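*Asks:*
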Amino acid sequence: MAQGSSTSRFASIASVLLLAAVAVAQDSTYSQSGDSEGGLWWAFRPVREVAVPKTRTTGWTRGPVDRFLLAAMEEVGLQPVQASDPRSLIRRLHYDLTGLPPTPEVVERFASDPSDAAYENLVDSLIASRQFGERWGRHWLDVARFAESSGGGRSLMFKNAWRFRDYVIDSYNADRPFAQFLREQLAGDLLQFESDDQHNRQVIATGFLELGPTNYEQQDKQLLRMDVIDEQIDTVGRVFMGMTLGCARCHDHKFDPVPIEDYYALAGIFGSTELLTRGNVSGYVERELRGPGLRAYHVHQKRQKSVQQQLKLLRKAKAPSKRAFQQDALRGIVLDDVDAKRVGKWVSSTHVAGYLGRGYIHDDNKSKGKKSVRFVPDIPNDGEYEIRLIFTSGPSRATNVPVEVTHAGGNQQVSVSQRSVGSAGGEIAPVGQFHFEKGRLGAVTVKTSSTNGHVIVDGLQLIPIGEAKEKALRAPADKRAALAAQRRDRQTALEAELARLKKAAPPAPPVAMAVRDVAKPKDGHVHSRGLPRTLGAVVPRGFLTVCGDARPSIPPTESGRRELAEWLADPKHPLVARVYVNRVWHHLFGTGLVRTTDNFGKMGERPSHPELLDWLAANFVRRGWSSKKLIRELVVSAAYRLRTAANHAPDPDNRLLSHANRRRLDAESLRDTILVVSGQLDPKMGGSTIRKFSTYDYGYAFESNRRSVYVPRFRGTRLEMFNVFDAADPNLVTGRRINSHVSTQALYLMNSPWVMRHADFAARQLLVEADQDVNQLLDRAYLRTIGRLPDVEERRLAREFLARFSSDNQTKAWGQLFHTLFACLDFRYLG
Amino acid sequence: MDESLTRRQLIEQLACGMGALSIPGSGVLGADGNPLAAKVPMFPARIKRMIFLFMQGGPSHVDTFDYKPELAKSDGKNIDFTGVRFGTFGKKSQRRLMGPLWKFRQYGECGQYVSELFPYQARIVDKLCFIHSMHTNGVAHGPTTLFMHTGATNLVRPSLGSWLGYGLGALNPDLPVFVSLSPSTANGGPRNYGSAFLPAAFQGTAIGRAGLPVARAGIKNITNSRIRGATQLRQFELLQALNREQRRRAGRDDRLDADIGALDLAFRMQTAAPTVMDTAGETAATLKLYGIGEQPTDDFGRQCLLARRLCESGVRVVQVNYSDQTPNPMWDQHANMPKHADHALATDKPVAGLLVDLAARGLLDDTLVWWGGEFGRTPFAQAKDGRDHNPRGFTIWLAGGGLKQGYAHGQTDEIGHYAADDPVHMHDLHATILHMFGLDHEKLTYRHAGRDFRLTDVHGKVVTQLFA
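One line per chain: the protein sequences are A and B, in this order. According to the numbering used here, the stretch in the first sequence is residues 1 to 831, in order. According to the numbering used here, the stretch in the second sequence is residues 1001 to 1468, in order.
#1: So, with DSSP's three-state summary, where would you put Met1/A?
#2: State yes or no: is the beta carbon of Gly1314/B nearer than 7 Å to at least one beta carbon in chain A?
#3: Count the C-beta pairs between the region 666–678 of chain A and the region 1272–1286 of chain B that are closer than 8 Å, then say yes if the count reaches three, no if not.
#4: Whose CA, out of Leu1171/B, Ile1222/B, Gly1189/B and Ala1359/B, lies closest to the CA of Gly152/A?
#5: Could you check the C-alpha separation between Ile786/A and Val107/A for me, to the nearest Å?
#6: For Ala1122/B versus Pro1158/B, is the C-beta distance shorter than 7 Å?
#7: Have a look at the DSSP bridge pairing and note the partners of Asn411/A.
#8: Nearest CA to the CA of Arg623/A: which residue from Pro177/A, Pro80/A and Val343/A?
#9: Could you tell me the alpha carbon to alpha carbon distance between Asn1321/B and His1149/B, rounded to whole angstroms?
#10: Excluding the five sequence neighbours on either side, which residues of its own chain have a C-beta within less than 8 Å of the C-beta of Leu498/A, listed in chain order?
#11: Return the chain-ordered ranges of every beta strand (DSSP E) run that is complete within the region 1354–1442 of chain B and spans a minimum of 3 residues.
#12: Between which two residues does the alpha helix (DSSP H) harbouring Phe1043/B extend?
#13: Would you mind giving the Cβ-Cβ distance between Gly459/A and Leu335/A, rounded to the nearest angstrom? I have them listed as a contact below 8 Å.
#14: Within a Cβ cutoff of 8 Å, which residues of the same chain sit near Ala20/A, ignoring the five residues on either side of it in sequence?
#15: Between which two residues does the beta strand (DSSP E) carrying Met1050/B extend?
#16: Give a yes or no on whether the C-beta atoms belonging to Asp779/A and Gln1246/B are separated by under 7 Å.
#17: Considering just the uninterrupted stretch of the alpha helix (DSSP H) at Leu613/A, what are its terminal residues?
#18: Give me the DSSP bridge partner(s) of Phe1453/B.
#19: My output table needs one value for Leu732/A: the three-state DSSP class, helix, strand or coil.
#20: So, do the region 628–642 of chain A and the region 58–66 of chain A have three or more beta carbon pairs nearer to each other than 8 Å?
#21: By the DSSP assignment, the alpha helix (DSSP H) with Arg828/A in it spans what residues?
#22: Just to check my reading of the structure: Trp1371/B and Val1356/B have Cβ atoms closer than 8 Å, yes? What is that Cβ distance to the nearest angstrom?
#23: Mind checking if Pro1379/B is an interface residue toward chain A, Cβ cutoff 7 Å exclusive?
#24: Quick one: does Val742/A have its CB under 7 Å from some CB of chain B?
#25: Excluding the 5 residues flanking His1409/B on each side, which residues of the same chain have their C-beta closer than 8 Å to its C-beta?
#26: When you compare only the Cα positions, how much space is there between Ala144/A and Val1156/B?
#27: When Cβ atoms are compared, which residues of the region 233–255 of chain A fall closer than 9 Å to chain B?
#28: What are the start and end residues of each continuous alpha helix (DSSP H) run of 4 or more residues lying completely inside the region 192–265 of chain A, in chain order?
#29: Which first and last residues belong to the alpha helix (DSSP H) in which Gly1142/B is found?
#30: Which value, in whole angstroms, describes the spacing of the CA atoms of Gly332/A and Pro430/A?
#31: Name the DSSP bridge partner or partners of Glu849/A?
#32: Check whether the Cβ atoms of Pro1119/B and Trp1331/B sit closer than 7 Å, and answer yes or no.
#33: Does the beta carbon of Asp1126/B sit closer than 7 Å to a beta carbon anywhere in chain A?
#34: Could you tell me which residues DSSP pairs with Val1214/B in its beta bridges?
#35: Just to make sure I have the definition right: I need the residues of chain A whose C-beta is within less than 7 Å of the C-beta of Val1276/B. Which are they?
#36: Would you report the Cα separation of Asp124/A and Asp113/A, rounded to the nearest angstrom?
Below you can see the structure in the form of structure tokens.
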């Protein structure tokens, strides 16, 4: 199809002129009312009901899709090329609907009967096959930036993300209406349900919001939260609307009509949605799935927790930590802070070492005068006692802590400094000597009124003086022993109970990565320049003001995700159906009607066939948002069945689709096909496939013969083949994959031990099951890999190569031949 | 088709006045359709290549290059510090100052202070250009390491090496443009040399990984484990003959040509790359200079030597990683600062050896060497004798490529906590490095998701004071 060189100059001028004509023709419907000044950008205008155009010729068209395409071709004087040969067509169809190659038998059967009926039967059976969901589910997982680990600093495993993957595959196989699919992913947890299964499915679907690349290690947790919200807004915007909303985090969108307030209206919705758990390295929320044993499990858990809590308290009272100084080393009566009665909120701490018992408490330097701690010692004998306050000193402490002593003679207040080490040695400050009487109320109260720093309470010491001393040292010892024995008995009983409970524990219910609404949903602030601490005005939660009614009424207990989902799933939403049908078109024709599948804004491209896009979108909604019906409509069109050809003027990018685009097998199909040809594919569906769980995904060793959609997807460590052959980067919404042609791919195909091993498997299988005629073997090898027979030249080259091997070296010979076929162009492309 | 700009895109992008094409006269693709073809810088470049010696984990500046007599004097004193970590964010708390654990002395004509941790680097201070006033974003290793490599703590962005590959292309078409030697898979892992939304061709090539001896590392799939020489050539000839036949049947399609070209290149790389990786031809004196053949310098010495060989052969960016596979890498001494001495012993001689070798071969004139960690360490103690991360102030050094020599830029405060005078943010360092390569950090952009992205986002200024 090369252009004659003598006419190339003319041809290029003509092609520029015609290109301009094509552009005008394509844009006329929108450009008349102006799409930049005053008028609304095409994508924000309502989807129109469009009449299917009349075409000059009619023989070729099979339906409305073809008539739209042909009409545009006729305007510039183009004709569609011939239909594809049956073998190429069936290979294309198989990959497009299932991601797998057709068997040689299917190819040959269709080659002998390439009738419309045979074709459509095949289409129907492929759409009904379970591999359909595996193929189209994978496309959705690309845009959902699905991964099974977080990436970022520490790449945390998402152990239950596979449930979302299976949910997506199942949704395609069940042909779940896209509007429902959308609702479930954004707000499944808030939707009604009639069964446990439905509840679980809907909760699992919300994993969509949580699966993003989050750096849980980020220390500024306010910033982390905003980054997560930003990722959700950007993802929802790009996935469902083809809008890049991230720009509006810091300022009004420069190109699209999205003011900063719209962004923060959405941020309020996601801000009212919970998916992070607290910690130095944060975690993600998981939710329990319902099932028969769930209630029993919870009753059991509650009982076990209660026993554990009681045991904890017992042990805490008994065993001081190693860091703390030993209670027994202190003389007299010693009370720990846990023995005192607190008023107001006191904070427990172990920050400064050298405390009594398990820690100390402080007033957080807040609400002065409203907090106090009261010790009521059990006075064993009448007499004089020296009262000492135990604390941990430091420069942030108060120098004027009021300590009120209620003794036999009345009340007295003493001021104590906690800023430096107490004069009694250690961090113990003498309060004074007082007379106490057995049986009469004696108390020591630490107050916080007018204090000039943190007030610390670690404990209280009473040292008997004079005659009280000797008795004190005897009597309490007996009491302590009795108490200790009592505690020991109780502890033994509780430990036995705990062991019994643990043994009888019902299995933990399955959990899913899923979000939930926060306890108190609320509107958010505008953050000036996107910074988490520069707050502007409060914005009521809502949607994009450019499309439809953007200010919903949200129940006070909900985030607004349900309303957001309904706003998107509204048949009148101008973007959602258009963006989705365009994604499907892209996968079947190699390029979208809007080529920038994830950007329908002004920085994206305009549609090549705006009316066809609207017709498809309207029809899609009318037919119940059915992906299967849409896909069927497209693959039975005449346009889909055209042969490939070289691009040429006047349509050098083949925007008018007068021929099929040659498409490269994606990484998954390439791998799956090699596994099919080698006979090693494990066709099992679904389930968790991560072999062993560790906290992070570093250095994960992939060993699996499952279909590629089931190979674990991590953000840290990735399967080499996915990396090399441009599988979607799970950090980004990917409606359109990059297609690179780099030497790492060539090196992989030439030298990867994996490829060579599978080439050997393929050779052994071929030699065992087929008869030994070299031509027949070659036919079979070609049909299996490329889905066609070798041409004369290919047969000559292959036979020449094989002839160099001796007859006892046939496995080696055919291994090398399969290896070569795995690397050749026609294996890697759909012609 | 997918990766080239169509006329229509071109018209739209120019019409919007943003200058979507970042490189004058070329798009993503170089002149011959190869994304890695060499491109002309925006203005005359000072350097052609860079070696980054990444000291992962955060070496302590106050124990190595940043001499703080006041800190030594205040050893043991308690001072309030504002917390930067989870749970202490923005809150003040008391911390005990800890003086440097090693003695400092002045070296060279420039009189730069170096602690006794680095006796070899001390001898070459007159070649170095110190920045004592570095500061950066993030606190934990992951976010800060990503920030150093990509200019973002959390969002997914291309790495510095990928930006350089995108802006300048390769010096040698038979070798990768950007190599990371023995990188860690932790703390951001591959994202630290990833291309994010830039075309995959600009992704860094990892050779080996942290924890494995580099002597046994190589480019993935660079050799065939079964067939070599004439046998492999015969198979390769069959492959390309089949491809030419299939290409003939298909009609014109640039992508098919690109794939055939990639196979040819890969076949040539099989010969070229192992030659570069093979250090057998190096003299005993050179090996000794890098500390190869002795412990504990052998492995890091080999990495440094490989860096020189890769640079010599035309790899534009080489990152040498002193790292491991843990979330708390190498120099991360939260407790037990004396362990710094082990890391100093393993790296000091090879680092100095590399500098001396590059200078002797005349490579230092157009090669930038960058030594540093993702952050420094706090002047206050953690536990008994550890130090915490300090992103607020730390030291790196640069060398080569027309930089001032024996020069020290900026200062931290008296105790080495905050960058005080002439602070240089990591964004500024990125801007400066791009500038040295002849690229304007504000103009080196890539359009993704509807807007133009830069390595430095909306920040960064070139630190011209560093230039001689």
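Even glycine gets a Cβ: it sits at the ideal position worked out from N, Cα and C. Bear in mind that the values here come from a model prediction, so they are computed numbers and not experimental data.
*Replies:* Working from what's here:
#1: With a pLDDT of 35 at Met1/A, under the threshold of 50, the modelled position of that residue is not reliable, and no figure is offered here.
#2: Answer no: the Cβ-Cβ gap between Gly1314/B and chain A never drops below 7 Å.
#3: By the criterion of at least three beta-carbon pairs nearer than 8 Å, the region 666–678 of chain A is not in contact with the region 1272–1286 of chain B.
#4: Per the Cα distances, Gly1189/B.
#5: Those two C-alpha atoms are separated by around 11 Å.
#6: With contacts defined by Cβ atoms closer than 7 Å, Ala1122/B and Pro1158/B do not form a contacting pair.
#7: According to DSSP, Asn411/A bridges with Thr406/A.
#8: For the residues Pro177/A, Pro80/A and Val343/A, the minimum Cα distance to Arg623/A belongs to Pro177/A.
#9: For Asn1321/B and His1149/B, the distance between alpha carbons rounds to 12 Å.
#10: For Leu498/A, where only same-chain residues beyond five positions count, the Cβ hits under 8 Å are Gln304, Val307, Gln308 and Leu311.
#11: Correct list: 1367–1372, 1376–1382, 1386–1390, 1394–1399, 1407–1409 and 1419–1421.
#12: Here Phe1043/B belongs to no alpha helix (DSSP H), and DSSP marks it neither H nor E.
#13: Their Cβ separation, rounded to whole angstroms, is 6 Å, which keeps Gly459/A and Leu335/A in contact under 8 Å.
#14: Bear in mind that a pLDDT of 40 at Ala20/A, under 50, signals an unreliable position, so the model cannot answer this.
#15: Note, Met1050/B: beta strand (DSSP E), Arg1049 to Met1055.
#16: Cβ atoms of Asp779/A and Gln1246/B: not closer than 7 Å.
#17: Here the alpha helix (DSSP H) through Leu613/A covers Pro610 to Arg622.
#18: Within the DSSP bridge table, the entry for Phe1453/B names Tyr1446/B as partners.
#19: In the structure shown, Leu732/A adopts coil according to DSSP, grouped into three states.
#20: Because the criterion of three Cβ pairs below 8 Å is met, the region 628–642 of chain A and the region 58–66 of chain A touch.
#21: Arg828/A: member of the alpha helix (DSSP H) spanning Leu825 to Arg828, first to last residue.
#22: Not really, about 14 Å apart at Cβ, beyond 8 Å.
#23: Judged by the 7 Å Cβ criterion, Pro1379/B is not in contact with chain A.
#24: Between Val742/A and chain B, the shortest Cβ-Cβ separation is below 7 Å.
#25: Cβ neighbours of His1409/B beyond the five flanking positions: Cys1129, Phe1130, Ile1131, His1132, Ser1133, Asp1422, Val1424, Val1463, Gln1465 and Leu1466.
#26: Distance between the alpha carbons of Ala144/A and Val1156/B: 15 Å.
#27: From the region 233–255 of chain A, only Asp234, Arg238, Met243, Thr244, Gly246, Cys247, Cys250, His253, Lys254 and Phe255 have a Cβ closer than 9 Å to chain B.
#28: Segments of the alpha helix (DSSP H) lying fully in the region 192–265 of chain A: 196–205, 207–210 and 221–241.
#29: His1141 to Thr1150 is the span of the alpha helix (DSSP H), which, as asked, contains Gly1142/B.
#30: Straight across, the Cα-Cα distance linking Gly332/A with Pro430/A is about 14 Å.
#31: No answer is possible for residue 849/A: the residues shown for chain A start at 1 and end at 831.
#32: No.
#33: False, the Cβ-Cβ gap to chain A never drops below 7 Å.
#34: Note: Val1214/B sits in no beta bridge, so no partner.
#35: Residues of chain A passing the Cβ test: none, with the nearest at roughly 15 Å.
#36: Approximately 17 Å, taken between the alpha carbons.
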